[in-house]
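A short write-up of the structure that comes next.
Number of protein chains: 4
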Amino acid sequence: MTRSAGLAVVAALAIVFTAGHVAPPASAQAPLTSGGPVSPALLEDLAAAYRVLANEGVIDGYGHVSIRHPGNPNRYLMSRSLGPALVTPADIMEYDLDSTPVDPKGRRSVLERFIHGEIYKARPDVMVVIHSHAPSVIPFSITQVPLRPVFHMATFLGGGVPVWDSRSVNDPDAAALLVRNGVMGRSLAAALGKKPVALLRGHGNVVVGPDIPLTVRQAIYTEVNAKLLIAALGLGGPVTYISAEETAAVEKNPGDIARGWELWKRQALGK
Amino acid sequence: MTRSAGLAVVAALAIVFTAGHVAPPASAQAPLTSGGPVSPALLEDLAAAYRVLANEGVIDGYGHVSIRHPGNPNRYLMSRSLGPALVTPADIMEYDLDSTPVDPKGRRSVLERFIHGEIYKARPDVMVVIHSHAPSVIPFSITQVPLRPVFHMATFLGGGVPVWDSRSVNDPDAAALLVRNGVMGRSLAAALGKKPVALLRGHGNVVVGPDIPLTVRQAIYTEVNAKLLIAALGLGGPVTYISAEETAAVEKNPGDIARGWELWKRQALGK
Amino acid sequence: MTRSAGLAVVAALAIVFTAGHVAPPASAQAPLTSGGPVSPALLEDLAAAYRVLANEGVIDGYGHVSIRHPGNPNRYLMSRSLGPALVTPADIMEYDLDSTPVDPKGRRSVLERFIHGEIYKARPDVMVVIHSHAPSVIPFSITQVPLRPVFHMATFLGGGVPVWDSRSVNDPDAAALLVRNGVMGRSLAAALGKKPVALLRGHGNVVVGPDIPLTVRQAIYTEVNAKLLIAALGLGGPVTYISAEETAAVEKNPGDIARGWELWKRQALGK
Amino acid sequence: MTRSAGLAVVAALAIVFTAGHVAPPASAQAPLTSGGPVSPALLEDLAAAYRVLANEGVIDGYGHVSIRHPGNPNRYLMSRSLGPALVTPADIMEYDLDSTPVDPKGRRSVLERFIHGEIYKARPDVMVVIHSHAPSVIPFSITQVPLRPVFHMATFLGGGVPVWDSRSVNDPDAAALLVRNGVMGRSLAAALGKKPVALLRGHGNVVVGPDIPLTVRQAIYTEVNAKLLIAALGLGGPVTYISAEETAAVEKNPGDIARGWELWKRQALGK
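Residue numbers (the working numbering), protein chains in the order written: chain A, 1090 to 1360; chain B, 1090 to 1360; chain C, 1090 to 1360; chain D, 1090 to 1360.
Printed below as a string of structure tokens:
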């Protein structure tokens, strides 16, 4: 499976499926139009991403995952406010890129959805956004020690991992630390730049990518790499980081993405 | 859900329910009168709090949780001596604020219940008290390193975390470390002051709050914050703590309390 | 429950029960006589001790637990060579204090049973012996840093924790690290002296006590205390240890032993 | 059970069993001939090895285990590309020592199978090869701190643990870190030399041995020893390592291999 095959297939199927949990009635006068029905398989994979990341210890009770709508790049899909380990396809809501719900039906949205909308605006290449409080990552956001790759499964960190500080934003909500509005979200998206991962000081990280399996894998191995680096730095002495040449070489050929995804899904959904 | 809505609703309902595990017979000649029947939903939430905290690794076999009686501020409710992961509503007992059981029916009380009674006396605002041996917290009680917030989910620690030392109490039981009587409990309550969390040197902590979901959340994130701070200090160099301004801003708007509580309850009770 | 009540009751009952997995036929010509039938409840508790210690992360695949025979102080009871999480009452074998099986029936004994026999010889007060590779304890056996109590649940370590080094024994098997014979066992028992815990350099520890619930608890909290001390030492600066006065005060009144034991048993056997 | 008894028995049985998942039809014109049918019990043990190592936290989603074919030393057996916790006997494929599948039947091979083939070429004594990303081991591959034994279950590390760096290989794929071809595999096998364990810089390790139970045990205790050494080095001061004399003594008499294997299998397969 190539990196983008999963979503490409789904996009092709999207116009075929008609049943959809997030599609408003055809005659609705809603101010926002839906991106259209979404394949049940994709919604299942999105729900699975929440459960996988919870099961692998990457997200606690307050993380979230979104995908760009396969039928409309100006919409994204994300669970209502719900503990990640509980998410099912029926919990997925649709948003425009200002993070306004298309048809909330009384469901509560997560406060920090602006992380997702603003990154989708700034990064047309991004199809998946993950926000977590990954525990081994946070120490690198509150010290001067950079999170750099030391593990061959985390070469994607080789271009550097920006640390965004909410205090740097000129917004009345900045002191409250959460990304509660578009101004905060745009600032975070700018800090992320073209990278796959950025840290939020004293908070967590965002991991972005082209499809669910690869992005989930990168979220998992960002956490693993952070844990390995903490241990290595504790041993003392110089640390051998992954080189720029190695990052480039692995990016050309990222290996077997499907193996991990299938495993993690089976383990998370089998519980 | 606002912070106090849960208990407020319960207090309103308390006079409606008549079946109660802790209510003495109407004709009893017990020296202590009960605060009256308590809603089954509140007793279920209290039992759930024990199980959640055990499941999340915050309390070991010897922690306990209490709530102030919704019908009488001079009574509180707490499980009999029992491993936290086993507590059910039927195990809840009622105490006056001197920590004398209202109607023990032969059930064994926990030795350190005076922690709870004395805090309820000293802090009319407190509706929930949690005592744990949270493992990442204890190192901060036996070193000179202060437990300070570094994580946006633990801003409530921003006002400082007092460390109480049992040796400081002028009581014959002081050397035995446990809070076995009212003198010890009053000393601890005085050390806690108006704070939400205090550490007990070489022992654990107390976490207090206005309702079960928020207080459980604060107990969980006190432990998480301690773990993050241990890792950050291990990396070396200056640590960026949560600022006083940030603590104040988050306190005004603590975010989505219900999401975590529902998740943790499902995971703890589903086992 | 006082510390010795469990075994005392069992000893009184032992002459009543007649069915016993380890009792040889009345007419057997075995060179060793059995200490007699043992109460099923005691055998169940011994099997439970293995499972509890495995479930709590104290023993890996190679730990073992024994009890002195309630009917004959010159016999002890221990599982055949079997992974601790799998032990049932049917796996318990009987040994004399030279660690010769009374009636092996083809069952394989653990190599290091001499730890148990020699401690029972040297310590008439000891009724239970636990040997584990408790992971947080071992670092204190391979450095110069003493394992001292910092936690109120581990005051029993206050008299000091000897470290025994197998290399110190004048025995042809000494370099092989295991306690494979009586000479090695006697050396270890001498190093233990009158203490409740001793470390084996590069190997693990032994924890001894008067009954199963208390000794299991001490094995669990020795590991917890070691973990807390590792974290505290990592924070740097002076560490506040439990004082001698505190050790003495807690030893007089060790608190509620039954609560932990009932919980751990339920959790280990319910799996 | 002696070290090689397991495979010896299986080799004797291999000519008896006729059903085999990997045997090509008798009349096949495949360029590679199979080593012949393999006992179901051996295939079950190989699948169990994957699951045990996953369950014990030694391999993540991307580790693999192989055995030399009992009927032909120029063939080896390994799972298709699949999450280790999911492997069953039906997933086992056969390879020649150039790591070409004998009869792939459309199944996907793991990219790094050359690790296995090249070690079997270089080490006629090796019957089992394990490759993992064991997390506590990796810090020793990215620092100058040598992984040395401190635990009596890891004396086999006493002869030294080489660290192989993929960058040292003169191959166009060297920068991609993975062992994707025979050149990379031969370089790793040369670095391993006659040792039981080698580390791959920023990647993981290989553990080799004479049969499944012992090699799995060595993979598990390599990880445990690394964890213990990290903790001991964190405590500071001189560390007492296992001596050369101790390594030699234990190697002559490695103790009870079967106990761990039976336990780990039961725990991994019972899930």
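C-beta atoms are modelled at their ideal positions from N, C-alpha and C, and glycine is treated no differently. Values in this document were obtained by computation on a predicted structure and should not be read as measured data.
Could you spell out where the beta strand (DSSP E) holding V1296/A opens and where it closes?
Segment G1293 to G1298, the beta strand (DSSP E) holding V1296/A.
Do you know offhand how far S1276/C's Cα is from P1190/C's?
For S1276/C and P1190/C, the distance between alpha carbons rounds to 21 Å.
Listed from N- to C-terminal order along the chain, which residues in the stretch 1141–1159 of chain B have their beta-carbon within a distance smaller than 7 Å of any beta-carbon of chain G?
In the displayed structure, chain G is absent; the protein chains listed are A, B, C and D.
Using the three-state DSSP reduction, which class does H1222/D fall into: helix, strand or coil?
Coil, per DSSP.
So what's S1332/D in DSSP terms, helix, strand or just coil?
The answer is coil: DSSP assigns S1332/D none of H, G, I, E or B.
Can you name, in chain order, every residue of its own chain whose Cβ lies under 6 Å from the Cβ of E1201/D, other than the five neighbours on each side?
These residues qualify, in order along the chain: L1267 and V1268.
Between the C-alpha atoms of K1354/D and K1354/C, what's the straight-line distance to the nearest angstrom?
When rounded, the distance between both Cα atoms is 23 Å.
Anyone know if the C-beta pair for H1241/A and H1292/D falls short of 8 Å?
Contact flag set, yes.
Can you tell me whether P1228/D is buried or exposed, with buried defined as 16 or more other CB within 10 angstroms of its CB?
Result: buried.
Kindly confirm or deny that the stretch 1118–1134 of chain B and the stretch 1305–1316 of chain C touch, where touching means at least three C-beta pairs closer than 8 Å.
No: the two stretches stay apart, fewer than three of their Cβ pairs being nearer than 8 Å.
Anything in chain B within Cβ reach of V1234/A, meaning under 8 Å, just list it in chain order.
Under the 8 Å cutoff, chain B gives L1324, G1325 and G1326.
Just the chain B side, please: which residues come within less than 9 Å of W1353/C by C-beta, in chain order?
G1150 and G1172, listed in chain order.
Less than 8 Å separating the beta-carbons of V1250/A and G1326/B?
No, Cβ-Cβ distance for V1250/A and G1326/B is not below 8 Å.
Inspect the beta-carbon positions of V1286/A and L1246/A and report whether they are closer than 8 Å.
Yes. Within cutoff.
Is the CB of I1231/D under 8 Å away from at least one CB in chain A?
Yes, I1231/D lies at the interface with chain A (some Cβ there is under 8 Å from its Cβ).
Assign E1334/D to buried or exposed, taking buried as 16 or more other Cβ atoms, counted over all protein chains shown, within 10 Å of its Cβ.
Exposed is the call here.
Here's the rule: buried if 16 or more other CB atoms are within 10 angstroms of the residue's CB, otherwise exposed. What is A1179/A?
It counts as exposed.
At 4 residues or longer, what runs of the alpha helix (DSSP H) sit wholly inside the stretch 1130–1214 of chain A?
Counting only runs of 4 or more, we get 1203–1211.
Would you kindly work out how many angstroms separate the C-alpha atoms of A1174/A and V1296/B, rounded to a whole number?
Going by the C-alpha atoms only, they are around 26 Å apart.
Under 7 Å Cβ-Cβ, which residues of chain C neighbour P1343/B?
Within 7 Å Cβ-Cβ: nothing; P1343/B doesn't reach chain C, min ~29 Å.
Any beta-carbon of chain A closer than 8 Å to the one on L1277/B?
It does not; no Cβ of chain A falls within 8 Å.
Give the single residue among E1207/C, T1329/C, V1199/C and V1218/C whose Cα lies nearest to the Cα of G1344/D.
Of the candidates E1207/C, T1329/C, V1199/C and V1218/C, the one whose C-alpha sits nearest the C-alpha of G1344/D is V1199/C.
On the DSSP bridge assignment, give the partners of V1217/A in chain order.
V1217/A is bridged to I1156/A and G1298/A.
To the nearest angstrom, how far is it from the Cα of S1230/D to the Cα of A1265/D?
Cα to Cα, the separation comes out at about 17 Å.
Assuming A1143/D contacts V1154/D (C-beta within less than 8 Å), just tell me the rounded distance between them.
That pair is no contact at about 10 Å.
Note down, in chain order, each residue of its chain lying with its Cβ closer than 6 Å to the Cβ of A1117/D, except the 5 sequence neighbours on either side.
With a pLDDT of 46 at A1117/D, under the threshold of 50, the modelled position of this residue cannot be trusted; read the value that follows with caution. Hits under 6 Å: none found.
Cα separation between L1324/B and R1237/A?
The alpha-carbon atoms of L1324/B and R1237/A are separated by roughly 13 Å.
Using DSSP with H/G/I as helix, E/B as strand and the rest coil, what is L1339/B?
The amino acid at residue 1339/B is misidentified as Leu; the sequence shows Val. If DSSP states are grouped into helix, strand and coil, V1339/B belongs with the helices.
Could you tell me which residues DSSP pairs with P1287/C in its beta bridges?
It should be noted that the sequence gives Ala, not Pro, for residue 1287/C. Paired residue(s): V1295/C.
Would you please verify whether the beta carbon of I1072/D is less than 8 Å from any beta carbon of chain A?
As shown, chain D starts at 1090 and ends at 1360. That puts residue 1072/D outside it, with no answer to give.
Rounded to whole angstroms, what is the Cα-Cα separation between P1261/B and I1331/C?
Looking at the two C-alpha atoms, the distance is approximately 17 Å.
According to DSSP, simplified to helix, strand and coil, what is V1239/D?
Coil.
Kindly say whether I1219/C, judged by its beta-carbon, lies nearer than 8 Å to any beta-carbon of chain B.
Answer no: the Cβ-Cβ gap between I1219/C and chain B never drops below 8 Å.
Between the stretch 1278–1304 of chain C and chain D, which residues of the former have CB atoms less than 9 Å from a CB of the latter, in chain order?
Listed by position, the residues of the stretch 1278–1304 of chain C near chain D (Cβ gap below 9 Å) are L1289, R1290, G1291, H1292 and G1293.
So, at 7 Å on beta carbons, what are the nonlocal neighbours of N1163/C in its own chain, with the 5 sequence-adjacent residues on each side left out?
Excluding positions up to five away in sequence, the list reads D1185 and L1186.
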